[in-house]
Amino acid sequence: MKRFYYILILLIGLNFTTFAQTKNPAQGEPVAKLIKPYPIPATTSINFDFLYGYDKSYSIQIYNFMGKKILEITKMLPRMNLPLDEFYRGIYVYQLRDKEGKIIESGKFQVVK
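Numbering (the working numbering), first residue to last: 6 to 118.
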């Protein structure tokens with residue numbers, strides 16, 4: 006009977022280790038981006054181009070590296086040009102949001118002056 010329990014525990018342990026080793030297929034695949042910011046690093050202006058899935062109800066929120074909201078653009082176009090006159094040198098985070106406020110995509114860009 007002891008031998009049976011040892012074999013049972015060994016099989017259960019091996020079963021759990023195989024779960025730990027399996028890879029989630031969505032985890033390793035790259036996610037397609039909706040919006041492309043360029044040029045990076047930016048000096049005078051930055052462009053945001055929709056690669057696909059453009060929707061007028063989307064908005065872009067831009068935050069500095071400390072998390073303070075710098076700008077919000079609510080009227081989106083398929084191609085946006087944002088002048089960086091009021092931006093200081095540093096790294097900024099953008100968030101593309103839908104009309105409910107759900108984050109669709111986020112990324113970062115660098116301003117070099």
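For every residue, glycine included, the Cβ atom is placed at its ideal position computed from N, Cα and C.
DSSP state of residue i mapped onto helix, strand, coil
i, result
"Ile65", "strand"
"Lys7", "helix"
"Ile45", "coil"
"Thr27", "The predicted position of Thr27 is uncertain, since its pLDDT is 47 and thus under 50; a value taken from the coordinates is nonetheless stated next. In the structure shown, Thr27 sits in coil (DSSP, three-state: anything other than H, G, I, E or B)."
Same chain only: Cβ atoms within 8 Å of residue i, ignoring 5 sequence neighbours per side
i, result
"Leu39", "Phe55, Leu56, Tyr57, Gly58, Leu101, Ile109, Glu110"
"Glu77", "Ser64, Ile65, Gln66, Ile67"
"Lys113", "Ile96, Tyr97, Val98, Tyr99"
"Phe70", "Gly95, Ile96, Tyr97, Val98"
"Ala47", "Leu89, Phe114, Gln115, Val116, Val117"
Delimiting residues of the beta strand (DSSP E) encompassing residue i
i, result
"Lys113", "108–116"
"Pro88", "84–88"
"Leu76", "74–78"
"Tyr59", "Segment: none, Tyr59 is in no beta strand (DSSP E) and carries neither H nor E."
"Leu101", "95–102"
Contacts around residue i, its chain only, beta-carbon distance under 6 Å, and the 5 residues preceding and following it disregarded
i, result
"Gly106", "none"
"Phe92", "Val116"
"Met85", "Phe53"
"Lys118", "Arg94"
8 Å Cβ cutoff met for residue i and residue j
i, j, result
"Tyr99", "Val116", "no"
"Phe53", "Pro42", "yes"
"Leu87", "Ile51", "yes"
Among the options, nearest to residue i - alpha-carbon criterion
i, options, result
"Thr49", "Met6, Lys7, Asp90, Gly72", "Asp90"
"Lys80", "Lys7, Gly72, Lys73, Asp60", "Asp60"
"Lys104", "Ile75, Gly72, Ser62, Lys73", "Ser62"
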